[in-house]
Each structure stands twice: as C-alpha cells, then as structure tokens.
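Report on the following structure.
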Amino acid sequence: MKPVLAIAVIVLILAGLNGCKDVHLHPEGGEHEAITTVTLTFVDQSDSSQTITAVWEDVDGIGGANPNRIDTIKLEKAKVYKCTVSLKNHSAHPPIDLTEDIKAELDNHQFFFDVTGGSAQISITDTDSRGLPVGLQFSLSTSMDSSAVPGSLTMSLYHFDNSADKTGSNRGNETDIEVTLPLLVR
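Our numbering applies: residue 3 is where the sequence shown begins, and numbers increase by one.
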C-alpha cells in the first residue's frame, strides 16, 4: 500500500472511532454496542411476589471510572429462583436495550456463570436454534446448608463470530462483558 493511501485509511478509521463513543471493538475486529448496565432479576418460584433485582452499572463504559453501582444479591437458603438478564447501554441517548440484540443473535452468544462462596447452583434454561445454552434465562438454587457466608456471582457474556465455534461448553475468544456481584445466601 502506498504511504499516502495508508495514512488516509488510518485517518478515516480514527475519525470513525472518535465519532462512535457508544460502540467499541472486539479484539478480533467486530463491533458492538457498549454494555453499561446489567440487571439480574430473581423471582422466587415458590412465591412469585418475591422478586429480587441486582444491578451492575458502569455508565461511562469500560476503561473509564470504576462502576458506579454494584448491588449485593441477597437470596434465601433452600430456594429456587427463576432468573433473567437484561443488558442496556445507558451512555446512548436514548438508552439502548441490548437484550433484544442478544435475542436476535442467540446462536452467537452464551453466558457463563461462576459462583464462589455461597452455596448456589445455576442451570441455564434458554437455548439457541441448535439447542445450545444461551443464559438470558436461568434458574438458581440455593442450598439448605447455606449460611450467611459472603460469596460472589460472576456473569460473563461471550460472543462467537462464527456460530459453529459455539459448543455450549467452551468460552469464546470475545468477551462482550464480565461482571461480578457480591452474593449473600442467608
């Protein structure tokens, strides 16, 4: 490539990136909206009027200031919760509900959940077109033996550029978001 053409291409790329503050690039080259807010909703299956919501929020996006909100998930022992995940970009005006984007691309996304400390088991309940787990919906069961020992729940959303690379058990190379919230089972 000629030097003048190479410089012109670089200038165009940099100008495009500066004009799109709400979009960031995957390391592998694809782009997607910034996820600034994750909301986890837990509904007690034995009493649907008992709903717990936990929010992780980083309004200025990844790489700026520390997250401005990280709720503690407070659950009861010996319960089963039906859970949902909601993702939004609050740095855009108006805010963008990214959950719908994930639903439109189920074959290219999968959530992984890791629990430390407290006694809880997670089972993903939604699937993509090939029957592989997605994770926008899951169930969480707490143990009868649970004590008020603090733990954490880490939720990671992986993106697969090629849906054939998604096997249901492998974590992809592209992480759309990874958040950790304190978990207390009492």
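Every residue gets a Cβ at the ideal spot worked out from N, C-alpha and C, and that includes glycine.
Going along the chain, which unbroken runs of the beta strand (DSSP E) with 3 or more residues stay wholly within the stretch 80-120? 82-91 and 111-118
Nearest candidate by alpha-carbon position, reference S154, set N110, I75, S125 and S165: I75
Does DSSP put A166 in a helix, in a strand, or in coil? helix
Count the other C-beta atoms from every protein chain shown that fall within 10 angstroms of the C-beta of P96, then say buried if there are 16 or more, exposed otherwise. exposed
Roughly how many angstroms lie between the CA atoms of V61 and I54, to the nearest whole one? 22 Å
Just verifying my parser: in three-state terms, what is the DSSP assignment at L134? coil
Can you say whether K90 is buried or exposed, counting buried as having 16 or more other CB atoms within 10 angstroms of its CB? buried
Given a threshold of 16 other Cβ atoms within 10 Å of its Cβ, counted over all protein chains shown, does Q123 qualify as buried or as exposed? exposed
For E35, count neighbouring Cβ atoms within 10 angstroms of its own Cβ and tell me buried if that reaches 16, exposed if not. buried
Alpha carbons only, please: which of T127, T156, S158 and Q112 is nearest the one belonging to G170? Q112
If you drop the 5 nearest sequence neighbours on each side, which residues of the same chain put their C-beta closer than 6 Å to that of F115? I124 and M157
Going by Cα to Cα distance, which pick from D163, S48 and S165 is closest to S141? S48
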